[in-house]
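S.K.:
Residue numbers (full-length UniProt numbering): 1 to 368.
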């Protein structure tokens, strides 16, 4: 029977072979592995575990992770069990459970965004509580609390600044009309601001682990607008349709006729050039069968009204050319633009109702 080497767990021969290679070559080899393999290696022996924290490996692995080849889908379950996380590798289509070590401090949460392997989560019971979480390394960080006032509408964004090499969370907040009306009643002479189109902007910096007030901007974002979409190092929001990113390009899913489910998918071919918007796909009307339960069948009109009202999101394009769409409430569908056909994706253990996030696994630490 073989016994583990006390100095180096796992297979010492493999570790010693790597130790004989130049450090740069070892980093180059490891950076080409999928995140699940890297995680297994980090548990295999101490030398690999030490390498998993090497910033050169972390950064090179992130830069080599292609959204089409290394990405996975993360499902945040709403029903039948709330606040569970699962992930699905697009390459093997096997659903796996993700641990939630923050469940005690944050029993109910939503996903605000994903960037370079980190998820940005918000406590839906106490929305001032936000955390960063790496679902593969299981490391997470609770951000300093930044308290909001009552009746504030908050729109969030999460991304990475390529120049400063810093992760940031953006909060864009404004007061509702009811707040200003109450202030007007309570304070005589207080000027009403019902028509004031202004929002406060606050930014959290991971490198400084602090929030900073950036002043105001002369507009508001709709409460249910898409989460901030990161493209070319900048966050984007739009109030009238769903934004996403396809192959690193800004993408907009625009309903053709609200209430009927058809949509056009536009892609910004050259960033910063508004004339380069191109209609890449036209998707016909489709109602996911998995969404039509007995309860929904009795009120199908309600579902039909849901479709088209920012209820369809573009997630990614597969190697086959199929476009993966998520229908609001939980319906994963692959659309073939060549044939105009739809293919629903259902996997063992898949939650009934969920929110989907496109995610690229990495070794990125949740700490600065």
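Beta carbons are placed, not taken as given, at the ideal position from N, Cα and C, and that holds for glycine.
Between residue 288 and the rest of its own chain, which residues show a CB-CB distance below 7 Å, the 5 nearest in sequence each way excluded?
M.R.: 327, 331, 333, 344
S.K.: Tell me whether residue 359 sits in a helix, a strand or coil according to DSSP, three-state version.
M.R.: Residue 359 falls in the strand class under three-state DSSP.
S.K.: Using the Cα positions of residue 55 and residue 286, report the straight-line distance between them to the nearest angstrom.
M.R.: When rounded, the distance between both Cα atoms is 45 Å.
S.K.: Where residue 28 and residue 57 are concerned, what is the direct C-alpha to C-alpha distance, given to the nearest angstrom?
M.R.: 8 Å
S.K.: Excluding the 5 residues flanking residue 32 on each side, which residues of the same chain have their C-beta closer than 7 Å to its C-beta?
M.R.: 64
S.K.: Can you tell me which of the three DSSP states residue 166 falls into?
M.R.: DSSP places residue 166 in strand when its eight states are reduced to three.
S.K.: How about residue 147: is its Cβ closer than 7 Å to a heavy atom in the ligand HEM?
M.R.: Ligands are entirely absent from the displayed structure, and the ligand HEM is therefore not among its contents.
S.K.: List, from N- to C-terminal side, the beta strand (DSSP E) runs of 3 residues or more that fit wholly inside the region 204-228.
M.R.: 210-217
S.K.: Look at the alpha carbon of residue 315 and the alpha carbon of residue 127, and state the distance between them as a whole number of angstroms.
M.R.: 26 Å
S.K.: If residue 357 and residue 130 are in contact, beta carbons under 8 Å, what's the gap, nearest whole angstrom?
M.R.: That belief does not hold up - the Cβ atoms of residue 357 and residue 130 are roughly 16 Å apart, past 8 Å.
S.K.: From what residue to what residue does the beta strand (DSSP E) around residue 337 run?
M.R.: Per DSSP, residue 337 belongs to no beta strand (DSSP E) and is neither H nor E.
S.K.: Take residue 100 as the anchor and find which of 203, 49, 135 has the nearest alpha-carbon.
M.R.: Residue 100 has its Cα closest to that of 135, out of 203, 49, 135.
S.K.: Starting from residue 97 and walking both ways along the beta strand (DSSP E), at which residues does that stretch end?
M.R.: 95-98 is the span of the beta strand (DSSP E), which, as asked, contains residue 97.
S.K.: Can you tell me whether residue 93 is buried or exposed, with buried defined as 16 or more other CB within 10 angstroms of its CB?
M.R.: exposed
S.K.: Just the Cα atoms here: how many angstroms apart are residue 369 and residue 156?
M.R.: As displayed, the chain neither begins before 1 nor continues past 368, which places residue 369 out of reach and without an answer.
S.K.: Using a 10 Å radius around the Cβ and a threshold of 16 neighbouring Cβ atoms, would you call residue 109 buried or exposed?
M.R.: buried
S.K.: Just to confirm, are residue 76 and residue 355 a CB contact at a threshold of 8 Å?
M.R.: yes
S.K.: Going by beta-carbon coordinates alone, are residue 117 and residue 235 separated by less than 8 Å?
M.R.: Judged by their CB atoms, residue 117 and residue 235 are not nearer to each other than the 8 Å cut-off.
S.K.: Starting from the Cα of residue 85, find the closest Cα among 91, 79, 97 and give me that residue.
M.R.: 97
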